Each structure stands twice: as C-alpha cells, then as structure tokens.
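Below: one structure, written as structure tokens.
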Amino acid sequence: MIIAVANQKGGVGKSTTVVNLAACLGMKKKKVLCVDMDAQGNTTSGFGVRKKSLSVTTYEVLLGLRRIQEAIIKTEFENVSLVPASSALAAADIELIEVDNMQKRMKMQLLTIQQEYDYILLDCPPSLSLIPINALCACDTVLVPMTCEYFAMEGLSQLIDSIRLVKQRYNPTIDIEGILFTMFDSRLNLTGQVVSEVKKHFPKKLFRTVIPRNVRISEAPSFGKPVVYYDKSSRGAEAYMAFTEELLKRHSAAKK
C-alpha cells in the first residue's frame, strides 16, 4: 500500500504524521518505507538522519541518476526505512521538465521495491509542482492532514481538485485515504466550525482520531525521534498510536 501524505497548505503536520505513522506501523510489525519528497527534509531529520552525510537522496532517484535501492537507509526505529531528502531536491522541479515520463518517475522507481514493504509513505511538499504530482501518480491513496483553520479549508479544496485531475490523466485508481485533524484544540470555536464543514463534504473520509496540540510532538523532532519513542505515554504518542490502529482496522475491513 502506497500512501501519499499531502496538503497544499504548509505547516499542517505532514512530515510529523509521516514520521509518527511510520514508527507506529513499525511497532505493529509492519515493514515501512518513508520517501521524503520535500526539499526541507523534515521527515529525514525527524528520524535523526544527518542530511550532510547523505550520498544518495530522493533527488537522484527522481532524476533517474541512481536506483531507489541505493538511496534506502535503515532508521534506528523498528521496521522503518527511509529514502532521505536534501535541499538539492528544490532544483528537481525544473530539471524534471526535461525528462521523459516526468510525472511518473517515482512510480517507476517504487515498482521495483513495492513488494518488499507493507506500507510506503510519501511525504509531499506543500505545492502542486512536479514532485507532488509524482507522488500522486505513484500512490494508491492520499492521506490529508489538516488543521482547523480557514486557510486549511482552502488547501483541502485545492488538493481535491489536484487529485481529481491526476485521477483523470495519470492514476485512475487513486483515492482519498482520509482526512486527519492535527494540532487539534477543541476549546476554539473555529475548530467546531471547520470539523462540521469537512464532515458535511467528506462524511466517510474523516478519521475519528484527532491529533491534539502537544508539546511532546513538537519537541520530538529536535531529538531526531518519533514521539512514540521520545515519550510513549504522552497524549501525542497515544493519539498517533490510536490513529494507526484506526487506519489498520479500515484496511483489514476493506480486504474482507
């Protein structure tokens, strides 16, 4: 199963969700590969990987300079591997314009290793450039983390339009995995308004689990650890574990 974690608005917890979902899946004995497709490299540093030590990254993989097998590194966390990113990836959007099958470069690479993993998570940058289009062309489903803010609603509607376009042109089987509320604060009036608006438009796509605002979630990346390893008993860790269990239940129900 290949899941793209995407939202065209930045700062909604995409990388945080990739890192913590991967760690929780790994704890559940699932073999996971994370592919960092954002030049900021937050997923890479979230696993404690030093970017300066990297010789092969998503940049070389997307441009076909190296095979994806050469880029995969094992993290120190159970059952989790990573294709890391560095700032070089920022140039890939321009360079991809000149290559064949520019929208399907990642898909072609992932086809060679897909059978080795239970889950492949693609961390997308907050834009609609060739890099996130590569992720949407390669994935089975799209997981959308979003905050309860007005601008997040705009980002969601733009993403839905992008998914519809990709479905028509490149990836007819793509579907929305679901919408996950992050940095959730039930005390704010706006939170209730945004939740009811999203429920109205996507009644079956909303995850019951929400990820709360939590200091431990914010602190964990500076220690290069998922929150479930940094502080397993924190509210943030418990929320990500509950979300992972909900996701796995959905998938096992869909197989029956």
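Residue numbers (my numbering): 189 to 444.
For glycine and all other residues, C-beta sits at the position ideal for the given N, C-alpha and C.
Being a predicted model, the structure only gives us computed values, none of them experimental.
- Each residue's CA atom was taken as its position, placing residue 383 and residue 200 some 15 Å apart.
- Within the region 226 to 268, the runs of alpha helix (DSSP H) that reach at least 4 residues and sit entirely inside it are, in chain order, 230 to 234, 246 to 250, 256 to 259.
- Rounded to the nearest whole angstrom, the C-alpha separation of residue 428 and residue 251 is 33 Å.
- Beta-bridge partners assigned by DSSP to residue 390: none are found.
- A check of alpha carbon separations from residue 299 across 286, 325, 284 identifies 325 as the nearest.
- The C-beta distance from residue 358 to residue 221 rounds to 22 Å, too long to fall under 8 Å, and the pair is not in contact.
- With fewer than 16 neighbouring CB atoms inside 10 Å of its own CB, residue 361 falls in the exposed class.
- Here residue 299 carries a coil assignment [DSSP, helix/strand/coil].
- Inclusion of residue 277 and residue 307 in the CB contact set at 7 Å is not warranted, their separation being larger than that value.
- The C-alpha of residue 441 lies about 30 Å from the C-alpha of residue 343.
- Close CB contacts of residue 349 within its chain, under the 6 Å cut and outside five residues either way in sequence, are absent.
- Residue state for residue 311 is assigned as strand, using DSSP reduced to three classes.
- DSSP places residue 205 in the uninterrupted alpha helix (DSSP H) bounded by 202 to 215.
- In this structure, 256 is the residue among 256, 301, 291 with its C-alpha nearest to the C-alpha of residue 244.
- A residue is called buried when at least 16 other Cβ atoms come within 10 angstroms of its Cβ; residue 313 meets this threshold and is buried.
- Note that the C-beta distance between residue 331 and residue 193 is below 7 Å.
- Comparing C-alpha distances from residue 230 to each of 266, 264, 352, 272 shows the shortest one belongs to 272.
- Residue 405 and residue 431 do not touch by the CB rule: their CB atoms are close to 12 Å apart, not below 8 Å.
- A direct Cα-to-Cα measurement between residue 413 and residue 287 gives close to 36 Å.
- Assigned with DSSP and collapsed to three states, residue 403 falls in helix.
- Cβ contact annotation for residue 281 (same chain, cutoff 8 Å, sequence separation greater than five): 317, 318, 319, in chain order.
- Under a 10 Å Cβ-count criterion, residue 279 is classified as exposed, with fewer than 16 other Cβ atoms of the shown protein chains found around its own Cβ.
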